[in-house]
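What follows is one structure encoded as structure tokens, with my remarks underneath.
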Amino acid sequence: MRLELRINGSVRSLEVEPLKRLLDVLREDLILTGTKEGCGEGECGACAVLLDGQLVNSCLVAVCQAAGASVVTIEGLSSSALTPLQRSFVECGGAQCGICTPGMIVAGQCFLDSGAAATDEAVREAIAGNLCRCTGYTKIVESIQHAARETR
Amino acid sequence: MKPTITGQPLARIDGHAKVTGAARYSAEVQISGVAYGVLVTSACARGRILAIETNDAEREPGVLAVITPKNALRLPDTKVPENDRVVQVLQDDRIVYSNQPVALVVAETLEGAMHAALLVKVHEEKEPATVRLDDEIKNAFEPEPQSASGKKSADQVRGDPARGLREAAMRIDETYQTPYETHNPLEPHATTAVWNGPDRLTVYDATQGVFGVRKKLAKMFALPTGNVRVLTKFVGGGFGCKGTPWSHVILAALAAKQVGRPVKLVLTRPQMFGMVGGRPLTRQRLSVGANKQGKLTALRHESVSTTSRFDDFLEPAASVSRHSYACENMATSHRLVRLDIATPTYMRAPGEATGGFALESAIDELAHALKMDPLALRLASYAETDPTEDKPFSSKSLRKCYAEGARRFGWAWNKRSPARADGMLVGVGMATSSYPAYFSKAEALARMLPDGTALVTSGAVDLGGGTYTVMSQVAADAIGLPMDRVRFDLGDSEMPEAPRSGGSQTAASCASAVLLAGRALRDKLVRMAVADAGSPLLGARPDEVLIENGRMTANGRTDSFADVVKRAGGAPVEERARAGPDEARKKWSLHSFGAQFVEVLVDPDLGHVRVKRLVGVFAGGRILNARLARSQLMGGMVWGIGMALHEETVYDEKIGRIMTRDLADYHVPAHADVQVIEPYFIEEEDVHVDPAGVKGIGEIGITGTAAAIANAVFNATGKRVRSLPITPDKLL
Amino acid sequence: MIPVTSVKTLPEAYALLQARPPGLRVLAGGTDLMVAINARVGLDRIGHVLDIWNVRELRGIALQDNFLRIGALTTYTEIIHSTLVNTQLPALAAVSREVGAWAIQNRGTLGGNVCNASPAGDTLPLLLAADARFLLGGPRGERTVVAEEFFLAYRKTALGADELLLRVDFPLPDAARLAYRKVGTRRAQSISKTLIAVRATPGLREVRIAAGCVAPIPLRCRRAEQAAMSGGDVRAALQLDISPINDIRSTIEYRRLVSANVLLQLLKNMGTPYSLPGRP
Numbered sequence: 011m012r013l014e015l016r017i018n019g020s021v022r023s024l025e026v027e028p029l030k031r032l033l034d035v036l037r038e039d040l041i042l043t044g045t046k047e048g049c050g051e052g053e054c055g056a057c058a059v060l061l062d063g064q065l066v067n068s069c070l071v072a073v074c075q076a077a078g079a080s081v082v083t084i085e086g087l088s089s090s091a092l093t094p095l096q097r098s099f100v101e102c103g104g105a106q107c108g109i110c111t112p113g114m115i116v117a118g119q120c121f122l123d124s125g126a127a128a129t130d131e132a133v134r135e136a137i138a139g140n141l142c143r144c145t146g147y148t149k150i151v152e153s154i155q156h157a158a159r160e161t162r
Numbered sequence: 003m004k005p006t007i008t009g010q011p012l013a014r015i016d017g018h019a020k021v022t023g024a025a026r027y028s029a030e031v032q033i034s035g036v037a038y039g040v041l042v043t044s045a046c047a048r049g050r051i052l053a054i055e056t057n058d059a060e061r062e063p064g065v066l067a068v069i070t071p072k073n074a075l076r077l078p079d080t081k082v083p084e085n086d087r088v089v090q091v092l093q094d095d096r097i098v099y100s101n102q103p104v105a106l107v108v109a110e111t112l113e114g115a116m117h118a119a120l121l122v123k124v125h126e127e128k129e130p131a132t133v134r135l136d137d138e139i140k141n142a143f144e145p146e147p148q149s150a151s152g153k154k155s156a157d158q159v160r161g162d163p164a165r166g167l168r169e170a171a172m173r174i175d176e177t178y179q180t181p182y183e184t185h186n187p188l189e190p191h192a193t194t195a196v197w198n199g200p201d202r203l204t205v206y207d208a209t210q211g212v213f214g215v216r217k218k219l220a221k222m223f224a225l226p227t228g229n230v231r232v233l234t235k236f237v238g239g240g241f242g243c244k245g246t247p248w249s250h251v252i253l254a255a256l257a258a259k260q261v262g263r264p265v266k267l268v269l270t271r272p273q274m275f276g277m278v279g280g281r282p283l284t285r286q287r288l289s290v291g292a293n294k295q296g297k298l299t300a301l302r303h304e305s306v307s308t309t310s311r312f313d314d315f316l317e318p319a320a321s322v323s324r325h326s327y328a329c330e331n332m333a334t335s336h337r338l339v340r341l342d343i344a345t346p347t348y349m350r351a352p353g354e355a356t357g358g359f360a361l362e363s364a365i366d367e368l369a370h371a372l373k374m375d376p377l378a379l380r381l382a383s384y385a386e387t388d389p390t391e392d393k394p395f396s397s398k399s400l401r402k403c404y405a406e407g408a409r410r411f412g413w414a415w416n417k418r419s420p421a422r423a424d425g426m427l428v429g430v431g432m433a434t435s436s437y438p439a440y441f442s443k444a445e446a447l448a449r450m451l452p453d454g455t456a457l458v459t460s461g462a463v464d465l466g467g468g469t470y471t472v473m474s475q476v477a478a479d480a481i482g483l484p485m486d487r488v489r490f491d492l493g494d495s496e497m498p499e500a501p502r503s504g505g506s507q508t509a510a511s512c513a514s515a516v517l518l519a520g521r522a523l524r525d526k527l528v529r530m531a532v533a534d535a536g537s538p539l540l541g542a543r544p545d546e547v548l549i550e551n552g553r554m555t556a557n558g559r560t561d562s563f564a565d566v567v568k569r570a571g572g573a574p575v576e577e578r579a580r581a582g583p584d585e586a587r588k589k590w591s592l593h594s595f596g597a598q599f600v601e602v603l604v605d606p607d608l609g610h611v612r613v614k615r616l617v618g619v620f621a622g623g624r625i626l627n628a629r630l631a632r633s634q635l636m637g638g639m640v641w642g643i644g645m646a647l648h649e650e651t652v653y654d655e656k657i658g659r660i661m662t663r664d665l666a667d668y669h670v671p672a673h674a675d676v677q678v679i680e681p682y683f684i685e686e687e688d689v690h691v692d693p694a695g696v697k698g699i700g701e702i703g704i705t706g707t708a709a710a711i712a713n714a715v716f717n718a719t720g721k722r723v724r725s726l727p728i729t730p731d732k733l734l
Numbered sequence: 655m656i657p658v659t660s661v662k663t664l665p666e667a668y669a670l671l672q673a674r675p676p677g678l679r680v681l682a683g684g685t686d687l688m689v690a691i692n693a694r695v696g697l698d699r700i701g702h703v704l705d706i707w708n709v710r711e712l713r714g715i716a717l718q719d720n721f722l723r724i725g726a727l728t729t730y731t732e733i734i735h736s737t738l739v740n741t742q743l744p745a746l747a748a749v750s751r752e753v754g755a756w757a758i759q760n761r762g763t764l765g766g767n768v769c770n771a772s773p774a775g776d777t778l779p780l781l782l783a784a785d786a787r788f789l790l791g792g793p794r795g796e797r798t799v800v801a802e803e804f805f806l807a808y809r810k811t812a813l814g815a816d817e818l819l820l821r822v823d824f825p826l827p828d829a830a831r832l833a834y835r836k837v838g839t840r841r842a843q844s845i846s847k848t849l850i851a852v853r854a855t856p857g858l859r860e861v862r863i864a865a866g867c868v869a870p871i872p873l874r875c876r877r878a879e880q881a882a883m884s885g886g887d888v889r890a891a892l893q894l895d896i897s898p899i900n901d902i903r904s905t906i907e908y909r910r911l912v913s914a915n916v917l918l919q920l921l922k923n924m925g926t927p928y929s930l931p932g933r934p
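Residue numbers (our numbering), protein chains in the order written: chain A, 11 to 162; chain B, 3 to 734; chain C, 655 to 934.
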């Protein structure tokens with residue numbers, strides 16, 4: 011099918027299979043490889059993107075369901091300078107091997123945008139769907155809390 | 003010159019690329035004309051491929067080939083290099099484990115290949131298979147010495163363990179088991195293979211070592227080693243499963259040759275269960291005796307672990323007992339049992355993670371039997387020298403680790419904590435951590451460019467631990483430049499050779515080579531300056547030249563690296579250096595040590611265990627970057643939580659198939675499983691271990707953790723769980 | 655490749671349902687169906703996909719005629735943030751927070767959980783305990799089925815091949831309290847090992863108990879209800895209701911013991927005298 015997506019602010023027109031995963035459209039068709047695949051079943055959150063402003067696992071979104079929608083990936087979060095959250099991930103050691111990082115940052119940005127108080131518990135709930143095999147999580151939570159302090 | 007940058011807790015220099023999504027991993031390298039490969043794998047655990055129906059798949063638009071054992075290119079050589087894993091690459095019709103590659107579909111698009119793979123029908127002739135240790139334990143055998151155990155023999159005896167046990171005031175004789183586990187780095191294995199002509203191959207591979215991949219590909223395709231180039235700039239975690247090239251790496255190259263196109267092959271998460279190794283199951287018997295004061299009189303550690311029918315991987319679980327405690331009478335042994343499983347492999351702290359669980363649980367049991375503080379019992383048999391090899395330790399700060407850990411944790415063993423108001427049971431436990439300090443031959447090239455910046459290369463990889471960053475730090479100090487004027491590059495087999503990133507040896511090996519190369523370059527530049535008629539330093543003695551920020555100063559006159567290079571014609575000035583273990587190193591027993599203390603909460607209604615606080619104090623030689631090292635240790639400690647409470651690769655024993663084949667059923671720790679994790683260091687100056695003074699900290703964090711948690715669970719509940727993981731059903 | 659029909663209105667959906675293409679599967683938020691498609695599981699049985707994600711009339715939460723009415727396509731996130739749910743049926747908001755994590759809650763729907771009919775479906779015991787009714791609709795018209803009569807056998811429901819689930823209606827608990835507990839394989843983002851839901855009036859005069867993961871279907875536990883109302887042995891009665899199996903997530907013994915522990919805990923928290931054996 012032919013469809014249009016608004017990706018990181020620019021409209022892209024594509025000819026794709028309707029059940030193709032949004033994840034594969036991003037990574038293979040649009041070469042936006044910042045969005046990662048970790049599990050293919052919504053367990054790990056490495057493929058998290060914003061779909062019409064909402065956090066989704068792009069491996070579970072059939073691209074036909076994203077027709078006409080706006081998609082923001084890790085590449086679209088920052089323009090020239092890093093966002094406060096991205097800076098925090100670098101400074102606080104939230105990124106290690108880097109595969110979970112884009113999904114963590116997209117989910118973390120959702121949390122920051124929600125305006126909720128960045129308590130340990132609230133942050134951990136917000137990123138409960140994002141697995142990391144390297145850091146042991148603590149520094150990821152610290153990164154989000156640090157960004158919350160910086161931006162609020 | 004004092005190092006000023008090495009040791010600083012700098013943020014990782016690849017951080018920017020990782021937080022913006024710009025870092026390109028092996029599946030993301032853009033190659034024009036690339037085709038997509040998707041594997042079809044076996045159902046049964048042992049048997050033969052009778053037939054594979056490929057017509058439906060081949061008819062799909064965009065399908066380039068359906069490669070099966072019938073039509074696959076014959077490899078010139080199917081033998082693998084020494085110390086490498088045997089692979090299944092469509093050269094015969096045998097099925098030797100479930101989830102083995104039996105066909106490879108190559109198509110123009112990923113979804114086309116995935117769809118066609120579904121249309122491939124495999125007819126298998128099943129043969130009786132067993133994946134149960136008990137069925138085959140009667141055929142346990144003594145393995146050949148392997149590199150995984152440092153080429154040590156499987157059995158070692160010292161003194162008279164039987165007598166030591168007889169004469170003990172208290173004995174523990176128990177069997178412990180650790181389950182199959184699967185590494186599950188978050189990045190799936192991925193290989194892109196490109197042939198440039200009939201005998202030149204370039205491969206982008208998610209690997210822990212580009213040279214091992216090059217060697218295996220060159221051997222199996224009978225190519226000169228120099229004709230194969232392997233690259234990996236970013237790796238999304240490895241933990242051992244990317245340590246050796248598995249079947250899919252060879253198959254990607256085979257397919258690319260067969261279809262005459264570059265081929266990209268990415269494993270699915272379920273395909274990472276079996277095909278790329280995992281931790282084997284271990285069953286370990288510990289017989290430990292002590293006198294009334296808690297001094298060990300005997301320590302016997304017998305380990306049986308599983309391997310495949312076609313390859314030997316030994317989990318050196320009993321090795322940890324050879325170095326841990328002072329004891330006159332010791333015996334350790336390893337046996338292997340063949341089952342119809344895929345070959346296991348190194349997984350974070352092979353040997354020490356599994357063996358440490360058994361040993362440190364048994365020590366705790368002994369302490370409780372003697373009504374003694376488990377920490378005091380450990381101190382009563384503190385090994386001042388290596389008890390098996392009769393060698394001094396190159397450095398050992400375990401006593402400090404115990405003391406510092408106990409202080410920070412507030413260790414008090416003999417109080418059984420009362421249940422909390424909400425009914426939760428509370429328990430504390432501790433254990434010793436240790437891991438050998440490995441050091442392998444490594445080379446580095448340091449090059450001064452005319453603009454006064456340096457490019458330093460070594461073909462290591464960065465699994466996320468921070469190789470890019472710490473090597474830049476070491477290079478900056480060695481050469482005498484600020485960080486922003488040094489670039490360190492890695493992950494290319496055209497670079498000087500570095501060892502595989504495994505066994506926590508990258509920092510030690512690669513940093514030593516970078517240090518030597520950097521110093522050699524600096525010295526060369528100084529020599530050039532003092533001999534250069536155009537240099538203000540002409541005639542100065544090299545040893546009176548001071549270097550800072552790329553400037554050389556002597557007798558109040560200065561010159562710069564950039565000017566030296568320019569005056570010499572502008573071609574980069576370079577030095578290459580090699581580091582590696584020498585004879586003198588063999589005089590020492592070389593290990594990192596640590597101590598972990600843990601508080602757990604146990605829900606008596608549900609049997610759930612929660613690790614409330616985990617404190618670890620580790621001594622791993624020199625710490626090159628405390629910020630990154632802390633991350634490594636935290637990650638290791640959380641792996642220990644996973645090992646203790648969650649992780650298990652479960653087989654369907656009737657059909658020999660892994661049932662926990664995804665991240666929904668194979669539970670790696672998640673955010674909610676982690677509360678307070680506190681890693682600390684004891685800094686050590688160790689001049690014997692390697693030029694960089696580094697022992698490595700990638701693995702020690704997971705050692706001892708599971709035992710500390712099991713010991714705390716015992717303290718909370720009175721239940722001793724000797725078989726990991728400690729799932730809730732074992733506590734009710 | 656599987657054909658997909660994406661619709662925006664019920665009449666469009668019904669038109670396709672009327673044609674009854676073989677192997678028709680309904681796609682809502684994709685948190686179950688896309689997992690199966692990605693895993694290539696049962697793909698050969700999927701002949702056609704009806705994508706209803708954009709059917710707006712199936713969304714929304716309203717209070718009407720003493721029923722809390724929740725459209726089948728209402729997501730967990732919408733439920734979690736709904737003032738109506740949080741005031742009228744807080745247990746439903748709470749259970750929704752335990753389904754996966756944010757990204758799943760943004761896509762997963764109440765209707766999807768019902769129609770997927772997994773014995774481990776997180777909301778299902780609560781729907782049974784709350785006496786929810788399901789409004790089904792199709793080209794032949796609409797009908798209501800009570801939750802208890804909806805789940806027929808393992809993953810088999812009363813939903814006809816040409817029907818969609820349109821709405822879930824909850825009779826509002828007057829004096830009754832509704833509570834549940836999920837025991838997962840880990841603390842978050844987990845698959846359940848056992849799920850218990852209880853609706854009870856003060857003094858346990860009226861009690862409804864339901865359980866998940868302990869039978870081929872989400873289960874109403876009538877014997878346990880009787881025991882709870884008559885002051886009998888709830889623990890023993892529950893054992894007669896449930897028939898758990900061993901699987902990779904848990905064991906029969908664990909599920910039996912913990913289901914009873916959790917049920918007694920829930921009843922106790924509702925102000926009843928049941929005590930928990932085994933507590934120190």
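Beta carbons are placed, not taken as given, at the ideal position from N, Cα and C, and that holds for glycine.
For residue i, the three-state DSSP class (helix, strand or coil)
{"i": "residue 494 of chain B", "result": "strand"}
{"i": "residue 759 of chain C", "result": "helix"}
{"i": "residue 359 of chain B", "result": "helix"}
{"i": "residue 22 of chain B", "result": "coil"}
{"i": "residue 731 of chain C", "result": "helix"}
{"i": "residue 303 of chain B", "result": "strand"}
{"i": "residue 766 of chain C", "result": "helix"}
{"i": "residue 723 of chain C", "result": "strand"}
Extent of the continuous alpha helix (DSSP H) run through residue i
{"i": "residue 51 of chain B", "result": "Careful: residue 51 of chain B lies outside any alpha helix (DSSP H), inside the beta strand (DSSP E) at 49-55."}
Interface partners of residue i on chain A, CB under 8 Å
{"i": "residue 235 of chain B", "result": "Ordered by position in chain A, no residue passes the 8 Å Cβ test against residue 235 of chain B, which lies about 11 Å from the chain."}
Distance, residue j Cα to residue i Cα
{"i": "residue 749 of chain C", "j": "residue 776 of chain C", "result": "7 Å"}
{"i": "residue 813 of chain C", "j": "residue 804 of chain C", "result": "7 Å"}
Chain-ordered neighbours of residue i on chain A, where CB pairs are closer than 7 Å
{"i": "residue 629 of chain B", "result": "103"}
Beta strand (DSSP E) segment containing residue i, residue limits
{"i": "residue 67 of chain A", "result": "64-67"}
Contacts of residue i in chain C (Cβ-Cβ under 7 Å)
{"i": "residue 705 of chain B", "result": "Per Cβ cutoff of 7 Å: no residues; residue 705 of chain B is ~23 Å from chain C at best."}
Buried or exposed (CB count within 10 angstroms, at least 16 for buried), residue i
{"i": "residue 210 of chain B", "result": "buried"}
{"i": "residue 1 of chain B", "result": "The question about residue 1 of chain B has no answer here: the residues shown for chain B are numbered 3 through 734."}
Within chain A, the residues that residue i reaches when beta carbons sit closer than 9 Å
{"i": "residue 685 of chain C", "result": "52, 67 and 70"}
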